[in-house]
Each structure stands twice: as structure tokens, then as C-alpha cells.
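Let me begin by presenting the structure, written as C-alpha cells, before commenting on it.
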Amino acid sequence: MSRRERQRRRRRNKGGPARPLFLAFGVITTFAALAALGAVGWVISVANSAPSLDTIKPQDQGAASVIYAANGAKLGFISSDVLRTPITGGQIPQVMRNATVAIEDRRFFEHKGVDFEGIVRAGVKNLESKDDIQGGSTLTMQLIRNLYTKDTVRTGVEGFKRKIREAKLAEELENEHPGVRGKRFILDQYLNNVPYGTVGGKTAVGIQAAARVFFDKSAEKLSLSQAALLAGLPQAPSLYNPFLSPEKAKARRDDVLRRMADEGYITQSQADTAIAKSLGVKANKYYTQRRESYFYDYVKQQLVDEYGYKRVQAGGMHIYSTLNLKMQKAAKKALDDNLGGTDRSGAIVTVDPANGDIKAMASTATYGQFEFNLASQGHYAAGSTFKVMVLMTALRKGVDPNSTSYTSMPLKFNDPKWGPIDVHTYSGSYIGRANLVKATLASDNSIYQQLDLDLGPENVKQTAIDMGIKSPVDALPAAALGGLTKGVTPLEMANAYATIASNGWRNKVSAVRKVCFPKKIGGFDCKTEKAHRHRAFEDGVTAEATKILKANVEGGTGTKAQIGCPAAGKTGTVDDFTDAWFVGYTPKLATSVWVGHATERRTLGGGAAGGEVAAPIWGQYMKVAHGDYCGDFAKPKKPFESTPFFGKYAKTGVKDNKVDPSTYEKDPNGATDLETGKSDGKTKDNGSTQYPNDQYQGQPQSNPADGTGTGGGTGTGTGGTGNGTTGNGTATPDTGTPAPDTGAGGGTGAPPP
Numbered sequence: 002m003s004r005r006e007r008q009r010r011r012r013r014n015k016g017g018p019a020r021p022l023f024l025a026f027g028v029i030t031t032f033a034a035l036a037a038l039g040a041v042g043w044v045i046s047v048a049n050s051a052p053s054l055d056t057i058k059p060q061d062q063g064a065a066s067v068i069y070a071a072n073g074a075k076l077g078f079i080s081s082d083v084l085r086t087p088i089t090g091g092q093i094p095q096v097m098r099n100a101t102v103a104i105e106d107r108r109f110f111e112h113k114g115v116d117f118e119g120i121v122r123a124g125v126k127n128l129e130s131k132d133d134i135q136g137g138s139t140l141t142m143q144l145i146r147n148l149y150t151k152d153t154v155r156t157g158v159e160g161f162k163r164k165i166r167e168a169k170l171a172e173e174l175e176n177e178h179p180g181v182r183g184k185r186f187i188l189d190q191y192l193n194n195v196p197y198g199t200v201g202g203k204t205a206v207g208i209q210a211a212a213r214v215f216f217d218k219s220a221e222k223l224s225l226s227q228a229a230l231l232a233g234l235p236q237a238p239s240l241y242n243p244f245l246s247p248e249k250a251k252a253r254r255d256d257v258l259r260r261m262a263d264e265g266y267i268t269q270s271q272a273d274t275a276i277a278k279s280l281g282v283k284a285n286k287y288y289t290q291r292r293e294s295y296f297y298d299y300v301k302q303q304l305v306d307e308y309g310y311k312r313v314q315a316g317g318m319h320i321y322s323t324l325n326l327k328m329q330k331a332a333k334k335a336l337d338d339n340l341g342g343t344d345r346s347g348a349i350v351t352v353d354p355a356n357g358d359i360k361a362m363a364s365t366a367t368y369g370q371f372e373f374n375l376a377s378q379g380h381y382a383a384g385s386t387f388k389v390m391v392l393m394t395a396l397r398k399g400v401d402p403n404s405t406s407y408t409s410m411p412l413k414f415n416d417p418k419w420g421p422i423d424v425h426t427y428s429g430s431y432i433g434r435a436n437l438v439k440a441t442l443a444s445d446n447s448i449y450q451q452l453d454l455d456l457g458p459e460n461v462k463q464t465a466i467d468m469g470i471k472s473p474v475d476a477l478p479a480a481a482l483g484g485l486t487k488g489v490t491p492l493e494m495a496n497a498y499a500t501i502a503s504n505g506w507r508n509k510v511s512a513v514r515k516v517c518f519p520k521k522i523g524g525f526d527c528k529t530e531k532a533h534r535h536r537a538f539e540d541g542v543t544a545e546a547t548k549i550l551k552a553n554v555e556g557g558t559g560t561k562a563q564i565g566c567p568a569a570g571k572t573g574t575v576d577d578f579t580d581a582w583f584v585g586y587t588p589k590l591a592t593s594v595w596v597g598h599a600t601e602r603r604t605l606g607g608g609a610a611g612g613e614v615a616a617p618i619w620g621q622y623m624k625v626a627h628g629d630y631c632g633d634f635a636k637p638k639k640p641f642e643s644t645p646f647f648g649k650y651a652k653t654g655v656k657d658n659k660v661d662p663s664t665y666e667k668d669p670n671g672a673t674d675l676e677t678g679k680s681d682g683k684t685k686d687n688g689s690t691q692y693p694n695d696q697y698q699g700q701p702q703s704n705p706a707d708g709t710g711t712g713g714g715t716g717t718g719t720g721g722t723g724n725g726t727t728g729n730g731t732a733t734p735d736t737g738t739p740a741p742d743t744g745a746g747g748g749t750g751a752p753p754p
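Going letter by letter, the sequence shown gives residues 2 to 754 in my numbering.
Written as C-alpha cells, this is what we have:
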């Protein structure tokens with residue numbers, strides 16, 4: 002063997018043991034490279050499975066809907082599970098941005114949506130702790146999750162897939178919004194859409210809601226320590242909730258402050274000062290408190306009726322209501338000044354005749370005292386305010402109120418169609434022969450009952466509906482004197498008289514003037530509610546009615562409603578003085594005032610007539626509400642034209658039922674109030690009785706089978722109704738013979754027509 006061969010053998014033998022190692026390393030390296038290539042391929046495949054950003058839209062994060070008064074003052078938020086009030090970038094304080102970047106994504110302004118260094122750091126930390134304490138997601142990736150994908154899987158293969166897709170979409174979002182302005186846009190979007198925690202079952206989403214829920218202030222007023230606390234919440238809102246875990250919340254806040262100092266956003270001295278402060282959180286009712294709660298409820302119900310419950314609960318709407326807070330304040334003051342300290346209840350409603358807007362809706366009730374709104378849901382006996390419906394029926398038929406006259410006298414006879422009629426007054430005094438103008442100013446029950454019979458109760462019912470009465474109206478003689486099965490609400494009475502004030506246009510009442518819906522890309526689309534109007538009467542007809550009702554305020558039963566400007570209206574008093582009304586109008590406002598007891602039929606006391614109790618409240622309130630306008634009512638474009646009218650009772654009077662002229666009550670001004678008076682001793686005072694439980698509910702109330710209604714008088718016939726006007730009673734039993742009026746007057750019983 003040669004020397005060279007021996008040397009080659011020695012070299013082979015010397016490297017023998019290392020060779021397998023090198024071979025094994027080569028194999029491992031090759032497999033690692035292949036695995037890496039496979040992993041890269043898998044990542045690319047997962048990334049490609051994500052949709053393109055331009056094919057998906059931001060998902061609705063939800064927001065609290067807010068209701069405003071007419072002047073823009075907030076009345077309250079509509080409750081929902083998500084509390085969110087988006088704000089503009091200009092309303093977000095810089096300290097909030099700095100705190101968020103410092104704790105969540107310190108290289109936010111350097112990366113392009115994905116922070117690879119942060120991902121490695123998070124991986125190492127998670128391996129060291131054997132727990133998923135850091136996610137490595139950038140603010141942009143979190144925004145993608147909150148706003149676009151809603152994918153919350155955190156562990157396993159699916160958790161990795163989620164982050165890969167988020168990273169891909171985050172880069173696309175950063176490419177769509179490049180530069181410093183793009184970063185500002187993304188950061189502001191994040192702050193408006195990230196959840197900050199749940200309090201009282203409501204989740205605060207976005208910095209404005211968080212500032213309100215935790216500190217009861219707007220985001221732009223947040224201090225350094227407050228901003229730091231909020232910036233630390235999104236990572237684990239439940240864990241760091243300051244109301245539930247104050248110690249953990251403070252530790253997290255202090256960590257944020259130290260990070261801010263490390264990143265140069267604040268000095269160490271500022272950090273130390275802020276760390277020394279308490280959390281300063283403040284439980285509050287910002288999102289639950291309401292102003293004018295009964296009106297708020299009315300607005301919300303109108304929204305549900307128009308847009309549906311689900312849309313209203315979805316939130317995000319800005320609702321501008323019709324409520325005039327100055328008028329509302331004046332209404333509440335008038336009620337308090339006149340009824341405060343008493344057991345009486347009262348309500349005021351004002352409607353704009355031009356469009357049906359509800360300008361004021363006030364009552365003496367505190368919110369929650371009753372299960373209904375006295376102003377819009379309380380149904381009460383109408384009294385003589387319903388005589389206006391009879392007057393309007395006559396005028397639309399062309400009846401001349403000046404030349405058409407009746408004899409005011411006790412009525413006790415059988416009408417061929419309606420059966421026994423029994424109408425009288427407390428005092429037993431009557432004004433004798435009088436035209437409709439004088440009868441209106443005197444509020445004469447006898448004349449209006451005869452007029453109603455001549456016109457036909459069916460026609461009076463239709464007129465009431467045409468004027469805007471929504472509650473059931475019986476086509477019975479009792480309705481002429483306010484005898485209604487269910488009664489009427491102050492709201493519908495205000496709107497009914499507004500039909501006269503608007504020259505014959507009946508409006509659909511509304512509490513909402515404008516609704517703004519959020520756009521997907523920011524901003525709002527607003528819809529202004531249009532007035533829903535219907536021509537119900539000729540303006541000549543309403544002008545003639547206004548002429549008479551204006552005279553009633555100037556020299557009839559409504560003189561205590563005078564405001565120093567043109568006004569028209571009618572008083573109403575229910576038997577036993579259980580309810581008192583004044584419903585009237587100016588050229589620009591129609592207002593109803595009701596006084597009574599909310600849930601029971603109980604006397605207000607002797608002499609508590611509409612002209613004495615309700616009219617002064619109306620006058621005090623309307624002196625403020627009418628504002629600077631003091632103009633007169635407009636002249637009709639088509640003047641009133643009368644036609645010959647020969648009603649049975651107007652033409653011939655009542656046969657065999659003569660009135661004693663000596664009982665006529667003489668009044669040179671023709672303004673004797675026969676609505677009220679003392680008992681004539683012929684009737685029994687039935688005292689106080691409870692209103693039916695469903696008197697104030699929204700469902701229609703069927704006619705009582707025993708002929709007993711909600712007024713003081715009662716009749717024994719089927720289908721009879723109460724709610725009469727003080728000073729008269731009518732009862733018509735099935736037997737066709739007169740039945741005694743057991744009330745204090747004003748009730749009516751009559752068989753169905």
C-alpha cells in the first residue's frame with residue numbers, strides 16, 4: 002500500500018463519526034425548508050381565502066338613538082343593549098389617541114397594518130407564560146375585526162387563520178388610507194368602534210359612550226388619567242371594569258401611564274402625578290335619564306308605529322321632536338299654579354293647526370304615577386265642549402246660527418226615533434226662545450239637545466270624526482251633551498278644535514318633525530316628516546264657528562280664558578262637577594285644558610265649572626304660549642252661505658210640553674251659563690263613584706248593558722251612556738217609558754238606533 006493511500010484511509014477513518022451528523026443536519030435542514038415553504042404556502046392560502054376589502058362593507062356597530070326637543074335640547078336616549086355615540090375626529094382628544102397607541106400598538110405609525118416585531122414579541126411572551134396574554138394584533142387588525150369580520154375565535158388553528166385574514170385585510174385598509182391622514186382616520190375609526198365594557202347590561206362601544214358611562218362627561222373633556230384608564234379597557238373589558246374590579250383597573254391604568262412615559266407622550270413627572278390619582282369613575286344615568294318622559298314615550302311609540310320595533314331598537318337615529326320647551330314649561334307652571342296643593346289632576350295639550358305638531362303635552366302627574374299619560378291616553382267625559390261638534394254639524398249643513406232658534410225649556414217627551422227624552426237644568430231656569438249664537442254663549446243644554454235631534458245624532462258623530470275625534474262616538478242623543486261611552490282625551494280635543502282653527506283642515510297629530518338615519522360611511526340621511534292633512538270643512542263653515550266661539554270668550558262662558566288677543570273656545574262641565582274643560586284656539590295654536598281626577602269619578606267641589614276651573618288655566622298658559630303674534634283670525638275665502646232649515650223642534654217646538662215663561666232667566670247680554678247651577682231638588686245626587694278600570698285604556702270600551710255610563714246620570718235602557726253635561730239628564734229605557742234620572746244630571750241612556 003502506497004503512502005498516499007494510507008493517508009487517504011486515515012482521513013476517512015478520522016472523519017467517520019462526523020459524517021452521519023452532517024448528513025442528518027442536511028436532511029433536517031431540507032425538511033425545515035420544505036416545512037417553511039409549506040407553512041408559507043398555507044399562510045398564503047389562508048390569506049387568499051379572505052375576501053377583498055372592497056367586497057365587504059363595514060357592519061353596523063349599533064348606536065343609541067337620541068330624541069331632541071324642537072330647539073335641539075336632548076330629551077333622552079332610546080334604550081338598547083349597545084350604547085354608542087359616534088363623534089368626529091375633532092372631538093377625540095389627542096391624549097386619548099396617545100394612550101391607546103402606547104398600550105395597544107406602539108409602532109402604529111410605522112407599520113403598514115401588520116407589526117411583525119409585535120407578533121414575535123407576543124409569541125415569546127405567550128410561550129414564557131404558557132398563556133395567550135398578548136395577541137400581536139395591531140390597531141388596524143382590531144378595527145378589521147370590530148368593523149368588518151366580527152370574527153372572535155382566539156385559539157387553535159382557527160385562531161391563527163383569523164389573524165392571517167385580519168392581517169391581509171389590515172394591509173388593504175392601510176393601502177386605501179395611506180400616510181399620516183390615513184393613520185389618523187384608522188385610529189379615529191378604532192376609537193369610535195371598540196367595546197370598552199358592559200355596565201348594567203349595556204355595552205359601551207366607542208370612546209364617547211365610554212366617557213359617558215364611566216365618567217359622565219364627553220370624550221373631549223377627558224383628563225390624562227381618565228384617558229389612560231379607558232385606553233386599557235379594550236384588551237379585557239370585564240377584567241379591568243373599574244366598577245367591578247377597581248384594583249385591577251388601577252393597575253392597568255398605571256401601566257398605560259408608564260407606557261406613555263416610555264414612548265415619550267408624557268413626562269415621568271406627569272405619569273407619577275396621574276398614577277397618584279384615584280380612578281374617579283362616576284356611576285350615572287346619562288343614557289337612561291329622560292326629560293319630559295310622557296312626551297318621550299309618545300315619540301318613541303310614534304317611531305315604532307312608523308318604522309317598526311326592530312328598527313327603533315337598532316338605534317343610531319337622531320329624532321327631532323315637535324316639543325316646544327318654553328311652552329311646555331309654561332303649561333306645567335299654569336297647572337302647578339292653579340292645581341298645586343290640591344288633589345285635582347290636570348292636563349294641557351297644544352297642537353299647531355298648520356301641521357298637527359304637538360307643541361306641548363303636560364300634566365300634573367309625575368312620571369310613573371299612573372300607567373297612562375293623562376294628556377294623550379286619559380279618556381274623560383267631554384261635557385259641553387262636545388256641543389261644538391253639534392254646532393259644526395249645523396253649520397256644514399248651512400244652518401243659519403242667527404236666524405235659527407229654539408225654545409229653551411224642560412224636555413220630557415218621546416222622540417219618534419230615539420224614544421223618551423228628559424233634559425233639564427239644575428236651577429230649573431231657562432232662557433226661552435233663543436238662536437244658536439245665544440244658546441252657545443249660554444251653553445244651553447235644552448236647545449242643543451233639540452238641535453241635535455233635528456240634525457240627527459248620526460251626523461253629529463260623523464262631524465266629530467271629521468274633526469279628529471278618534472275615541473268611539475255613539476250615534477245617540479247623549480253625544481250632543483258630551484255623553485260618550487269612553488270619553489275623549491285632551492290630545493284629540495285639542496286637535497279637533499285645531500281643525501276649526503286651521504280653516505277646515507284636519508291634521509294627523511305628530512310628535513316628530515325630522516328623523517336622521519346613520520349612513521354606512523358616516524353622516525346621516527334625514528327625513529323631514531310631512532304634514533298629513535285633509536280638507537274636512539269649508540273655511541266659511543269654520544269661520545262662522547270661530548265667530549261664535551270668539552264671542553264666547555269675549556262675553557260668554559269663557560271670559561276667564563281671555564289673553565288680550567283674539568281667541569275662541571268653549572267651556573265644558575260634567576255633572577256633579579267631576580270634570581272641567583276649556584278647549585280653545587288662536588289663529589296659530591289650539592289648546593285643551595282638562596281638570597278632574599285621574600282614575601276616579603269624583604266631584605271637584607261645588608261651582609267647579611269649566612269656566613271657573615279650566616278657563617283660567619288656559620288663559621294663564623296661552624298668554625305665554627301665543628308668543629308675540631296677536632293677529633286676528635283670517636277671513637274665509639269662501640264665505641258662509643246659509644240655506645233654509647226647518648227642523649222639527651226648531652219649527653214647531655215640542656207639542657204638549659209648554660214652558661212657563663216665568664221660569665225664563667233674563668240676561669241682557671245673552672250669556673247666562675246654564676251648564677251649571679244648584680240642584681233643583683228633583684234629582685238624587687249620586688255622589689262619587691269609581692270610573693271603570695278600562696276608562697283610560699287604549700282599547701275601545703263597549704256600551705254598558707245596563708245603560709250606566711261614566712257620567713253622573715244613568716238610564717236603565719240597554720246601550721245607554723253617561724258622561725253628560727252638568728244641568729241635564731236623559732234616560733230612555735227599552736220599555737219606552739221615562740226612567741228616573743238617578744244622577745245629578747247629564748247621563749243618557751238610550752237603546753241602540
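We treat Cβ as the ideally placed atom computed from N, Cα and C, and that holds for glycine.
Let me confirm a value: residue 364 is counted as buried when at least 16 other C-beta atoms fall within 10 Å, else exposed. Which label applies?
buried
Contact check, residue 616 vs residue 375, beta carbons under 7 Å
no
Considering only the alpha carbon of each residue, which of 344, 168, 290 and 389 lies closest to residue 549?
389
Strictly by DSSP, which residues pair up with residue 535?
507
Here's the rule I'm using: 16 or more other beta-carbon atoms within 10 Å means buried, otherwise exposed. How should residue 551 be labelled?
buried
Less than 7 Å separating the beta-carbons of residue 584 and residue 449?
no
Report the residue from 67, 245 and 333 whose alpha carbon sits nearest the alpha carbon of residue 783.
Examination of residue 783 is not possible in this model, given that the chain is present from 2 through 754 alone.
Reducing DSSP to helix, strand and coil, say where residue 76 ends up.
strand
Secondary structure at residue 602, three-state DSSP: helix, strand or coil?
strand
Looking only at its own chain, which residues have a Cβ that is under 8 Å from the Cβ of residue 357, when we skip the five neighbours before and after it?
496, 499, 508, 509, 510, 511, 532, 533 and 534
Same chain, Cβ closer than 8 Å to residue 640, neighbours up to 5 away in sequence not counted
541 and 544
Entirely enclosed beta strand (DSSP E) segments - the stretch 145–221, minimum 3 residues
196–200 and 203–206
Who does residue 595 pair with in a DSSP beta bridge?
348 and 582
Opening and closing residue of the beta strand (DSSP E) in which residue 528 lies:
525–529
Given this structure, state the Cα-to-Cα distance separating residue 80 from residue 574, to the nearest angstrom.
41 Å
Drop a sphere of 10 angstroms on the beta-carbon of residue 516, count the other beta-carbons inside from all chains shown, and report buried for 16 or more, exposed for fewer.
buried
What's the gap between the Cα of residue 70 and the Cα of residue 571?
30 Å
What does the alpha-carbon distance come out to for the pair residue 240 and residue 382?
59 Å
Would you mind sorting residue 181 into buried or exposed? The rule is 16 or more other CB atoms within 10 Å of its CB.
exposed
Taking residue 409 as part of the beta strand (DSSP E), name the residues at either end of that continuous run.
406–409
At the level of alpha carbons, what is the spacing between residue 453 and residue 488?
18 Å
To the nearest whole angstrom, what separates the beta carbons of residue 643 and residue 401, a pair I think is in contact under 8 Å?
4 Å
For residue 380 and residue 204, the rounded distance between their alpha carbons
40 Å
Quick check on DSSP: helix, strand or coil for residue 318?
coil
Specify whether the stretch 247–256 and the stretch 180–197 touch according to this definition: at least 3 beta carbon pairs, one from each stretch, less than 8 Å apart.
no
The alpha helix (DSSP H) that contains residue 296, what's its start and end?
294–308
Mind reading off the beta-carbon distance from residue 556 to residue 315? Whole number of angstroms is fine, and I expect it under 8 Å.
Rounded, the Cβ-Cβ distance is 56 Å, inconsistent with contact.
Go through its chain and collect everything with a Cβ distance to residue 368's Cβ below 6 Å, but skip five positions before and after it.
294
Nearest candidate by alpha-carbon position, reference residue 494, set 307, 359, 628 and 342:
359
Could you say which of 490, 459 and 420 lies nearest to residue 593 if we only look at CA atoms?
490
Which of the three DSSP states is assigned to residue 752 in this structure?
Residue placement at residue 752 cannot be trusted, given a pLDDT of 26 that sits under 50; what the coordinates show is reported in the next sentence. Correct three-state label for residue 752: coil.
Among 392, 648, 57 and 471, which has the Cα closest to the Cα of residue 149?
57
Quick one: is residue 597 buried, meaning 16 or more other Cβ sit within 10 Å of its Cβ, or exposed?
buried
Could you check the C-alpha separation between residue 331 and residue 603 for me, to the nearest Å?
27 Å
Could you say if the stretch 402–417 and the stretch 430–445 meet the contact criterion of at least three C-beta pairs nearer than 8 Å?
yes
From the DSSP output, in three-state form, read off residue 422 for me.
strand
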